[in-house]
Amino acid sequence: METSDDISEPGALMRRAEVERFDGSLGLREKYKYCGSLVGAVLVVLVFVFCGSLGLTGATSRTEVKVISIRTESTSRTETKVTPIRNESCPPPISSAFYDLWGEGCSFERWGKIKPDESCLNFKASKLYQFPHQLIDVATRKKGDNGYVPDTGHLRKVLAQCVMEKRPLRVAVFGNSVTTGKGCDDDGGQGLRWSSLLERLSYVRGSSLPMKVTNFAERGTSIGQKVTAISQNMKAHKADLVIIDYTMTATDMLHNLQTLQQMLSTIETFRDGPAILFFETFNMVTLKQLSDAKTEDQRDPCSVDPVKSDTFWKALMSHKVPVLSYPDIACAMPRSRDISNTSVNKLTYWWSHQETLMDAVHHPACGVHAIIAHTIFQYLYSLQAEVCLSEDGYNKTASAHIEAKTLQLSDEQRCILFPKTSLSAYFPPFPAAVGDSSTWAFGEDVPGKPGWIANLHGAANQDQDIVFDVILGFGRVRIDFLSSYENVGSATCWLEGQDSVKTRVRINGLWKQKVSIASSVWMMTNSSAPELHHLKCRADGKKFKILGVFSC
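Encoded structure:
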């Protein structure tokens, strides 16, 4: 009689192999010979597993260990065989490339001197650096109270497709000024912002996951302003993976949460679209509170509750979107409760060296970018290794059917996908009609942040009106504007021909938060006729800045 057991994890051989007792008819020589064969086989398997777990092997072949018990009338013996399941080579679970490209991000030059980046140095002193699998467990909140099991099926599929088609993973990145590299590597010229570093890591020796990363981030924007661009990019299949990093500017929690819910519901209707991954950092208001903290407990990143402070968490959890969390990484880093004497925001886990404090609070130096890039890289790399070692392997995973929802799109979802008008200061032209004596002018009050600005120099006696041409479909208009905590007023907007109290919207640019970011307001009109309409906005005599106009 012949029986077999499959061994699929380290140590399983010793747990599951049942060795038959020797009877009196088995000679001493045969016993020693048998024991030597079994021990030798066990040692080979254990050494192989141990080396593979450390990433010491260049590649891991999927293997099947079988313990076969064969019994005859005169003898009873057990044979151990190691046989390959398939011929493909799989990458080790930890890439050796993870330990590369840290030097540039861990220090910076200032006034001719090289200074260390505390965030980077603290991370490298932690167990997260020593044991990257622990980093992924922490970043995915795998063992946390607020964690959930994400649906990684789509992500695994695109990773497998790239392997089968022997091409780089095409990654599109959307985000705000943190994502553009402000405070580290503005616009990616040095290759140190996290999106650029992610691509560089993918081509380091030891990586089996080449990537082509395109950064679409824009300063001062929130997901509310970019939901159409993100959705259209995903629908057009221009990328295999879309990574979104908008936590910092999600201070308008209700609007941003509703926008994300609509976007996620919309992209779930796409067939064979790209996978999506969220990288969560800190909400700008939360980060300011941590920076202003007077005690260690108040400064502790472990005190950040994602349910209360993370605008997107509920939507991401309900849709089972894969997420990587920087606050959880910071919580596991040493000295996270200490005051930094070298960072202008006093935080060791979000270290910054910029001169202007208000800027530096939310713009980290290159150390944080290095941590983000290496975390994303190792997460994707480990998923690729899991796919290879899975029962389906690359081939079946790449051809797996991802069910798309067939729900009829709502007006809001159609509005996101098919806008009639989309005007943005970041993508000129941004046409508008103004009078000869108008107080409105297109320009920048802050470098890199253009828009139509009223009363920039206090000319309240001039014409306060500006007009934008829009086309309607569902009768909806969105106005993007700057919210700030000082030296800003309000504006009132309406469609010409609908000059009534019900169709007017008053937009207040002043708020209590000590930050200046883009906000949005929607107005419903009485017209859905697909023809040209005129949106008029009138400033109240104080500074007001319009960043974009969107209609559908």
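Every position in the sequence shown, counted from 1, becomes a number in my numbering once 244 is added. Where is the CB? At the ideal position from N, CA and C, for every residue including glycine. Predicted, not measured: the structure shown is a model, and the values here were computed from it.
Can you name the start and end residues of the alpha helix (DSSP H) that S440 belongs to? W438 to L445
What residue does the alpha helix (DSSP H) around R543 start on, and which one ends it? E540 to R543
Nearest-angstrom Cα distance between G719 and K479? 24 Å
Expressed to the nearest angstrom, what Euclidean distance is found between the alpha-carbon atoms of G302 and Q378? Its pLDDT being 48, under 50, G302 is placed unreliably in this model, and the value from its coordinates should be taken loosely. G302 and Q378: Cα-Cα distance of roughly 21 Å.
From D484, T769 and F522, residue whose alpha carbon lies closest to that of Y490: F522
Which of helix, strand or coil does DSSP assign to H377? helix
For S466 and T202, the rounded distance between their alpha carbons: Examination of residue 202 is not possible in this model, given that the chain is present from 245 through 796 alone.
According to DSSP, which residues form a beta bridge with T736? R750 and R782
So within the stretch 550 to 604, which uninterrupted beta strand (DSSP E) runs reach at least 3 residues, ignoring any that extend past its ends? 567 to 569
In whole angstroms, what is the alpha-carbon distance linking G717 and M768? 11 Å
Three or more C-beta pairs closer than 8 Å, one from the stretch 585 to 592 and one from the stretch 534 to 546: is that the case here? yes
Using a Cβ-Cβ cutoff of less than 7 Å, which residues in the same chain neighbour A416 once the five nearest sequence positions on both sides are dropped? T458, F460, N477, K482, A483 and V486
E409 lies in the alpha helix (DSSP H); which residues open and close that run? G397 to E409
Contact between the stretch 655 to 665 and the stretch 387 to 402: three or more CB pairs below 8 Å? no
Any idea if T781 is buried or exposed, counting beta-carbon neighbours within 10 angstroms, 16 or more meaning buried? The amino acid at residue 781 is misidentified as Thr; the sequence shows Cys. So C781 ends up on the buried side.
In angstroms with no decimal places, state the Cα-to-Cα distance between S351 and I358. 6 Å
Going straight from the alpha carbon of K410 to that of M455, what length do you get? 11 Å
Buried or exposed (CB count within 10 angstroms, at least 16 for buried), Q374: exposed
Which runs of the beta strand (DSSP E) spanning at least 3 residues fall entirely within the stretch 662 to 724, listed in chain order? 665 to 668, 684 to 690, 693 to 698 and 709 to 715
In angstroms, rounded to a whole number, what distance separates the CA positions of A644 and S451? 25 Å
Could you tell me the distance, in whole angstroms, from the CA atom of L624 to the CA atom of I715? 42 Å
Cβ-based burial, P335 [other Cβ within 10 Å; buried from 16]: buried
On the DSSP bridge list, what partners appear for L372? L372 is not bridged to any residue.
Measure the C-alpha to C-alpha separation of R330 and L453 and round it to an integer number of angstroms. At R330, the pLDDT of 42 sits below 50, so the modelled position is not reliable and the matter cannot be decided from this model.
Alpha-carbon to alpha-carbon, D707 and Y570: 47 Å
Residues in the same chain with beta-carbon distance under 6 Å from R414, minus the five sequence neighbours each way, listed in chain order, please. K456, A483 and D484
Rounded separation between L739 and L779 - CA only: 5 Å
Could you check if S370 is buried or exposed, using at least 16 other CB atoms within 10 Å of its CB as the buried criterion? buried
Which same chain residues, not among the five before or five after F556, have their C-beta less than 6 Å away from its C-beta? L504
In chain order, what residues of the same chain have a beta carbon less than 7 Å from the beta carbon of D431, not counting five sequence neighbours either side? T424 and G425
Buried/exposed call for S727, threshold 16 Cβ in 10 Å: buried
Through-space distance from A783 to K368, alpha-carbon basis: 52 Å
So, is F621 buried or exposed, given that buried needs 16 or more other C-beta atoms within 10 angstroms? buried
Under three-state DSSP, which class holds C334? strand
Go through its chain and collect everything with a Cβ distance to I474's Cβ below 6 Å, but skip five positions before and after it. F418
Thinking just about the alpha-carbon of each residue, which of V605, F788, S587 and Y447 is nearest to the one in S339? Y447
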